[in-house]
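In the working numbering, the protein residues as written are 7 to 474. Comments concern the structure below.
Shown next, in the form of structure tokens:
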């Protein structure tokens with residue numbers, strides 16, 4: 007870890023001045039992974055204003071299951087403002103953009119080198135000539151505020167370097183109750199972290215979990231926090247949650263490129279906060295279900311905020327397909343998605359499309375779901391939304407009970423995709439009802455009816471309202 011501190015003068019109230027420190031923290035990669043994890047498509051440097059440039063290590067990440075490609079990522083921590091320089095090492099540069107657009111970053115270009123300044127943390131995609139498959143991901147973290155004492159007996163510490171699980175552990179680090187797991191910047195952990203039937207666990211740091219079977223498993227547990235970690239290409243889930251409560255998932259970054267390599271899947275989980283995450287997955291980025299496998303119970307009180315979702319395959323958000331037909335059914339309720347950027351969806355099968363998807367199956371009742379301030383970029387293939395009561399014979403043993411009270415507020419789509427969204431019930435006893443759109447805009451135009459929104463409403467869908 008390299009820390010650089012700078013002092014600068016800044017004006018505050020009544021014209022007085024204070025001397026404040028700015029910091030920039032970078033993390034060299036472990037020597038053991040330099041050749042295997044490096045991508046030389048870009049040379050990336052960062053500095054404080056007027057300071058010395060620091061080289062960043064450009065990690066290789068694999069994306070897009072359709073035809074797996076190699077993209078790049080860099081990361082650092084800072085306070086104040088920093089300047090970032092990116093040199094594209096292969097081919098000429100005609101154009102560049104930085105997404106999400108909400109950050110309003112317009113890079114300066116000098117041949118194959120671009121530069122820009124940021125003044126607050128963010129998770130950015132730098133794309134040259136429209137190439138989203140070989141792009142550079144820039145993760146500019148805030149400074150850490152809760153770094154534990156690594157000498158504490160309740161801290162499992164992974165320092166800078168490469169870490170592998172013990173022999174005969176099935177590639178797993180098992181985490182007991184009451185532990186804090188700290189993965190330092192510059193650490194690469196090649197194994198899954200398993201939290202099973204435990205409580206009061208924190209998994210923190212700026213390190214990387216690389217190519218595990220699953221990233222973090224949280225099953226039959228409570229009071230678990232995952233904060234700050236980067237996940238590179240788990241075989242399956244990034245975070246696998248089952249029958250657990252009181253979870254906090256914050257500031258994680260995830261990449262996957264395999265079949266069923268979902269991002270965050272929550273089965274029969276409740277009281278969950280997901281905040282400030284970046285998920286680029288070749289399956290659902292975030293999925294919320296009832297019963298599945300050996301997890302039982304309803305799912306409720308889940309918030310997803312201030313995040314960026316990129317589905318190279320399947321759904322950015324997905325609710326409801328799995329439940330329990332051996333009972334009266336599960337209820338999935340009180341779900342909020344707020345301040346979300348959706349950068350991509352590419353799904354060929356209409357049954358699995360929808361940037362905002364609720365497919366209620368297996369006797370599930372899905373209700374009280376709110377999507378607010380959702381910004382959706384042009385996507386390759388899919389639908390803006392898909393709300394259906396379904397009986398999917400591949401996954402279900404019965405239809406869902408219904409979908410009700412779904413609110414869309416301040417939804418913005420910008421792009422050329424000629425999608426047809428769908429809202430449909432199953433039959434007269436399994437309906438979709440109570441769907442409200444307030445300030446839905448497509449390419450800046452306010453939408454006030456289903457035809458203008460290109461929404462196909464099937465049978466057994468009622469009470470669809472558009473508001474100014």
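Every residue, glycine too, gets a C-beta built ideally from N, C-alpha and C. From a predicted model like this one, the values you see are computed outputs, not experimental measurements.
Query raised in the report: Thinking just about the alpha-carbon of each residue, which of 153, 429, 283 is nearest to the one in residue 310?
Result: Numbered from 1 along the chain shown, position 304 holds the residue referred to as residue 310. Taking only the C-alpha atoms, the option nearest residue 310 is 283.
Requested in this report: Report the partner residues of residue 122 according to the DSSP bridge assignment.
Outcome: Counting from one through the chain shown, the residue named residue 122 turns up at place 116. Residue pairing for residue 122: DSSP places it in a beta bridge opposite 90.
Report task. Output yes or no for whether 8 Å exceeds the beta carbon distance between residue 145 and residue 79. Result -> Reading the chain shown from its first residue, position 139 is the one you call residue 145. Reading the chain shown from its first residue, position 73 is the one you call residue 79. Contact flag set, yes.
Query raised in the report: With 16 as the cutoff for other CB atoms within 10 Å, does residue 159 come out buried or exposed?
Result: Walking along the chain shown from the start, residue 159 turns up at place 153. The residue in question, residue 159, is exposed, as its Cβ has fewer than 16 Cβ neighbours within 10 Å.
Requested in this report: Report all residues from its chain with a CB closer than 7 Å to the CB of residue 69; omit the five preceding and five following residues, and keep chain order.
Outcome: Within the chain shown, residue 69 is the residue found at index 63, counting from 1. Here the set comprises 75, 77, 139, 261, 263, 286, 318.
Query - Local Cβ density within 10 Å of residue 447, reported as buried at 16 or more and exposed below that - result: Counting from one through the chain shown, the residue named residue 447 turns up at place 441. In summary, residue 447 is exposed, with fewer than 16 beta-carbon neighbours lying within 10 Å of its beta-carbon over all protein chains present.
Query raised in the report: Can you list, in chain order, the residues of its chain whose CB lies under 8 Å from that of residue 241, leaving out five sequence neighbours each side?
Result: As a first step, residue 241 is located in the chain shown; it is residue number 235 there, counting from the start. Excluding five sequence positions before and after residue 241, the CB atoms of its chain that fall closer than 8 Å to its own CB belong to 217, 218, 219, 220, 264, 267, given in chain order.
**Report entry** Simplified DSSP state of residue 473, which is helix, strand or coil
**Finding:** Against the chain shown, residue 473 aligns to sequence position 467. Three-state result, residue 473: strand.
Query raised in the report: Can the beta-carbon of residue 2 be found closer than 8 Å to that of residue 212?
Result: In the structure as shown, the chain begins at 7 and stops at 474. Residue 2 is therefore absent and cannot be evaluated.
**Report entry** Residue of 194, 103, 288, 47 minimising C-alpha distance to residue 121
**Finding:** The count along the chain shown starts at 1 and reaches residue 121 at position 115. For residue 121, the nearest C-alpha among the options comes from 103.
Report task. Output yes or no for whether 8 Å exceeds the beta carbon distance between residue 503 and residue 374. Result -> Since the displayed the chain opens at 7 and closes at 474, residue 503 lies outside it and no answer follows.
Report task. Determine, using beta carbons only, whether residue 389 and residue 424 come nearer to each other than 8 Å. Result -> Along the chain shown, read from residue 1 onward, the residue named residue 389 stands at position 383. Along the chain shown, read from residue 1 onward, the residue named residue 424 stands at position 418. Inclusion of residue 389 and residue 424 in the CB contact set at 8 Å is not warranted, their separation being larger than that value.
Query raised in the report: Out of curiosity, what's the CA-to-CA distance linking residue 22 and residue 85?
Result: Indexing the chain shown from 1 puts residue 22 at position 16. Indexing the chain shown from 1 puts residue 85 at position 79. With a pLDDT of 34 at residue 22, under the threshold of 50, the predicted position of this residue should be treated as unreliable, though the coordinate-derived value follows. If you take the alpha carbons of residue 22 and residue 85, they lie about 21 Å apart.
Query raised in the report: If you draw a straight line from the alpha carbon of residue 24 to that of residue 88, how long is it in whole angstroms?
Result: Counted from its first residue, the chain shown places residue 24 at position 18. Counted from its first residue, the chain shown places residue 88 at position 82. Reliability of the predicted coordinates at residue 24 is poor, the pLDDT of 35 falling under 50, and no value is obtained from them.
Query - Pairwise C-alpha distance: residue 433 and residue 243 - result: Position 237 of the chain shown, counted from the first residue, corresponds to residue 243. Position 427 of the chain shown, counted from the first residue, corresponds to residue 433. Between the alpha carbons of residue 243 and residue 433 lies a gap of roughly 34 Å.
Query - Residue span of the beta strand (DSSP E) that contains residue 302, given as start and end - result: In the chain shown, residue 302 corresponds to position 296, counting from 1. Per DSSP, residue 302 belongs to no beta strand (DSSP E) and is neither H nor E.
Query raised in the report: Which residue from 41, 61, 354 puts its Cα closest to that of residue 7?
Result: As a position in the chain shown, residue 7 is number 1, starting the count at 1. The alpha carbon of residue 7 has as its nearest neighbour, out of 41, 61, 354, the alpha carbon of 61.
Report task. Give the single residue among 191, 248, 184, 48 whose Cα lies nearest to the Cα of residue 133. Result -> Mapped onto the chain shown, residue 133 falls at position 127. Closest option to residue 133, Cα to Cα, is 48.
Query - Straight-line gap, residue 399 to residue 357 (C-alpha atoms, nearest Å) - result: Residue mapping note: residue 399 aligns to position 393 of the chain shown, counting from 1. Residue mapping note: residue 357 aligns to position 351 of the chain shown, counting from 1. Each residue's alpha carbon lies about 12 Å from the other.
Query - Sub-8 Å separation of residue 349 and residue 314 beta-carbons - result: Position 343 of the chain shown, counted from the first residue, corresponds to residue 349. Position 308 of the chain shown, counted from the first residue, corresponds to residue 314. At the C-beta level, residue 349 and residue 314 come within 8 Å of one another.
Report task. Leaving out five residues on either side along the sequence, give the residues of the same chain with a beta carbon under 8 Å from the beta carbon of residue 445. Result -> Position 439 of the chain shown, counting from 1, holds the residue named residue 445. Non-local C-beta neighbours of residue 445 in its own chain, meaning closer than 8 Å and more than five positions away in sequence, comprise 415, 416, 417, 452, 473, 474, ordered along the chain.
Query - residue 415 in three-state terms, based on DSSP - result: Working through the chain shown from its first residue, we reach residue 415 at position 409. Reduced to three states, the DSSP call for residue 415 is strand.
Report task. Flag this pair as yes or no: are the beta carbons of residue 404 and residue 438 separated by less than 8 Å? Result -> Within the chain shown, numbered from 1, the residue matching residue 404 stands at position 398. Within the chain shown, numbered from 1, the residue matching residue 438 stands at position 432. Judged by beta-carbon spacing, residue 438 lies beyond the 8 Å limit of residue 404, meaning their Cβ atoms are not closer than that value.
Report task. Check residue 362 in the structure and name its three-state DSSP category. Result -> Position 356 of the chain shown, counting from 1, holds the residue named residue 362. Correct three-state label for residue 362: strand.
Query raised in the report: Exposed or buried, what is residue 320 when buried is set at 16 or more other beta-carbons lying within 10 Å of its beta-carbon?
Result: The residue given as residue 320 occupies position 314 in the chain shown. Residue 320 comes out buried.
Query raised in the report: So what's residue 1 in DSSP terms, helix, strand or just coil?
Result: Beyond the ends of the chain as shown, which are 7 and 474, falls residue 1; an answer cannot be given.
Query raised in the report: Taking the C-alpha atoms as reference points, what is the distance between residue 232 and residue 184?
Result: One-based indexing of the chain shown puts residue 232 at position 226. One-based indexing of the chain shown puts residue 184 at position 178. For residue 232 and residue 184, the distance between alpha carbons rounds to 14 Å.
Report task. Measure the CB-CB distance between residue 235 and residue 189 and report whether it falls below 8 Å. Result -> Position 229 of the chain shown, counting from 1, holds the residue named residue 235. Position 183 of the chain shown, counting from 1, holds the residue named residue 189. In contact: residue 235 and residue 189 (Cβ atoms closer than 8 Å).
Query raised in the report: Considering only residues of the same chain and omitting the five flanking positions on each side of residue 469, which have a CB-CB separation below 8 Å?
Result: By 1-based counting over the chain shown, the position of residue 469 is 463. Counting only residues of its own chain and dropping the five nearest sequence neighbours on each side, residue 469 has a CB closer than 8 Å to the CB of 439, 440, 441.
Query raised in the report: Using CA coordinates, which residue listed in 201, 430, 300 is at the minimum distance from residue 406?
Result: Mapped onto the chain shown, residue 406 falls at position 400. In terms of Cα proximity to residue 406, the closest of 201, 430, 300 is 430.
Requested in this report: Indicate whether residue 166 and residue 192 have their beta-carbon atoms separated by less than 8 Å.
Outcome: By one-based count along the chain shown, residue 166 stands at place 160. By one-based count along the chain shown, residue 192 stands at place 186. When the beta-carbon positions are compared, residue 166 and residue 192 come within less than 8 Å of each other.
Query raised in the report: Roughly how many whole angstroms lie between the Cα atoms of residue 215 and residue 457?
Result: Here residue 215 corresponds to residue number 209 of the chain shown, with the count starting at 1. Here residue 457 corresponds to residue number 451 of the chain shown, with the count starting at 1. Rounded to the nearest whole angstrom, the CA to CA distance from residue 215 to residue 457 is 46 Å.
Query raised in the report: Mapping DSSP to helix, strand and coil, what is residue 171?
Result: One-based indexing of the chain shown puts residue 171 at position 165. The answer is coil: DSSP assigns residue 171 none of H, G, I, E or B.
Report task. Since I believe residue 66 is in contact with residue 96 (beta carbons under 8 Å), could you give me their beta-carbon distance rounded to a whole number of angstroms? Result -> Position 90 of the chain shown, counted from the start, is the residue given in the question as residue 96. Position 60 of the chain shown, counted from the start, is the residue given in the question as residue 66. Contact between residue 96 and residue 66 is ruled out by a C-beta separation of about 14 Å, above the 8 Å threshold.
Requested in this report: State the Cα-Cα distance for the pair residue 464 and residue 428, rounded to the nearest angstrom.
Outcome: Position 458 of the chain shown, counting from 1, holds the residue named residue 464. Position 422 of the chain shown, counting from 1, holds the residue named residue 428. As the crow flies, the alpha-carbon of residue 464 is around 7 Å from that of residue 428.
Query raised in the report: Between which two residues does the beta strand (DSSP E) harbouring residue 331 extend?
Result: Along the chain shown, read from residue 1 onward, the residue named residue 331 stands at position 325. That residue, residue 331, is in no beta strand (DSSP E); it is neither H nor E in DSSP.
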